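*Asks:* In terms of the working numbering, the sequence shown is residues 17 to 206.
What follows is a structure written as structure tokens; I'll ask about it next.
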Amino acid sequence: ISSNANMLRKGPAEDMSSKLKIMYRTYRIQARSMSGHPEAAQMVRREFQLDLDEIENDNGTVRCEMPELVQHKLDDIFEPVLIPEPKIRAVSPHFDDMHSNTASTINFIISQVASGDINTSIQALTQIDEVLRQEDKAEAMSGHIDQFLIATFMQLRLIYNTHMADEKLEKDEIIKLYSCIIGNMISLFQ
């Protein structure tokens, strides 16, 4: 242990040189002990043997160079992150006429998206997807986008925390629910 402690205090080139000397001495001792046993010496093939004469005659110093470390610019970490403001679609003039009836229907369907029942949630997502795919009806969703996104994220959290752990549920139902959610997000943001 004390020889290792001394080696740690020395510089890298001196440390490497002393390690090589120790390895060489160990190998030399093993070679001498094997010279009495010809069958043991034959086990090591020539291409894997050390050339001891070359090592003994080598008086060069061993240089150990450390590679340059990559310097990263970390100044950006301390700058505040700007979160964009959510944009709401413009409401059409004829929206007010149908607002009372349509808005309550949309609110009800969106509330079903976050349902604990997978089939109820899939049906609600399918209905919303139909509305989002029709440009003339998509305006009805314009005032409910935030509510829809919140319900969708609640459903994703419910899937992760509850449905994935439930061994009684078939994984195909969970995959179908994920598929409906992804389809709605694509329709919404196209």
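Each residue gets a CB set at the ideal place from its N, CA and C atoms; glycine is no exception.
From a predicted model like this one, the values you see are computed outputs, not experimental measurements.
CB leucine 141 to CB asparagine 200, shorter than 7 Å?
*Replies:* Sequence index remark: in the sequence shown, residue 141 carries index 125 (1-based). Sequence index remark: in the sequence shown, residue 200 carries index 184 (1-based). Closer than 7 Å, so yes.
*Asks:* Output the distance between the C-alpha atoms of aspartate 133 and proline 100, rounded to the nearest integer angstrom.
*Replies:* For the purposes of this step, residue 133 is taken as the residue at position 117 of the sequence shown. For the purposes of this step, residue 100 is taken as the residue at position 84 of the sequence shown. Cα to Cα, aspartate 133 sits roughly 34 Å from proline 100.
*Asks:* Any idea if lysine 158 is buried or exposed, counting beta-carbon neighbours within 10 angstroms, 16 or more meaning buried?
*Replies:* For this step, residue 158 is matched to residue 142 along the sequence shown. In the sequence on display, residue 158 carries serine and not lysine. Under this definition serine 158 is an exposed residue.
*Asks:* Looking only at C-alpha atoms, which of Glu81, Ile190 and Tyr40 sits nearest to threonine 136?
*Replies:* Start at 1 with the first residue of the sequence shown, and residue 136 comes out as number 120. Nearest C-alpha to threonine 136: Ile190.
*Asks:* So leucine 148 packs on leucine 185, CB below 8 Å; how close in whole Å?
*Replies:* Taking the first residue of the sequence shown as position 1, residue 148 is located at position 132. Taking the first residue of the sequence shown as position 1, residue 185 is located at position 169. About 27 Å separates the two Cβ atoms, so there is no contact after all.
*Asks:* Quick one: using the 10 Å Cβ neighbour count with 16 as the cut-off for buried, is phenylalanine 42 buried or exposed?
*Replies:* One-based indexing of the sequence shown puts residue 42 at position 26. The displayed chain sequence assigns threonine, not phenylalanine, to residue 42. Answer is exposed; the Cβ neighbour count stays below 16.
*Asks:* Rounding to the nearest angstrom, what Cα-Cα distance links glutamine 150 and serine 195 in this structure?
*Replies:* Taking the first residue of the sequence shown as position 1, residue 150 is located at position 134. Taking the first residue of the sequence shown as position 1, residue 195 is located at position 179. The alpha-carbon atoms of glutamine 150 and serine 195 are separated by roughly 19 Å.
*Asks:* Exposed or buried, what is valine 97 when buried is set at 16 or more other beta-carbons lying within 10 Å of its beta-carbon?
*Replies:* Residue numbering aside, residue 97 sits at position 81 when the sequence shown is read from its first letter. The residue in question, valine 97, is exposed, as its Cβ has fewer than 16 Cβ neighbours within 10 Å.
*Asks:* How many whole angstroms separate the CB atoms of valine 129 and alanine 156, which I take to be in contact at a CB cut-off of 8 Å?
*Replies:* Indexing the sequence shown from 1 puts residue 129 at position 113. Indexing the sequence shown from 1 puts residue 156 at position 140. Between alanine 156 and valine 129 the Cβ distance is about 16 Å, and since that is not below 8 Å, they are no contact.
*Asks:* What is the DSSP secondary structure of glycine 199, reduced to helix, strand or coil?
*Replies:* In the sequence shown, the residue the question calls residue 199 occupies position 183. In the structure shown, glycine 199 sits in a helix (DSSP, three-state: H, G or I).
*Asks:* The alpha helix (DSSP H) spanning isoleucine 71 covers which residue range?
*Replies:* Translated into the one-based positions of the sequence shown, residue 71 becomes position 55. Here the alpha helix (DSSP H) through isoleucine 71 covers 68-73.
*Asks:* Rounded to a whole number of angstroms, what is the C-alpha to C-alpha distance between glutamate 175 and phenylalanine 124?
*Replies:* By one-based count along the sequence shown, residue 175 stands at place 159. By one-based count along the sequence shown, residue 124 stands at place 108. Per the sequence shown, residue 175 should be read as isoleucine rather than glutamate. Distance between the alpha carbons of isoleucine 175 and phenylalanine 124: 20 Å.
*Asks:* Identify which residue in Glu63, Ser49, Tyr40 and His88 has its Cα closest to the Cα of aspartate 69.
*Replies:* As a working mapping, residue 69 is identified with position 53 in the sequence shown. Answer by Cα proximity: Tyr40.
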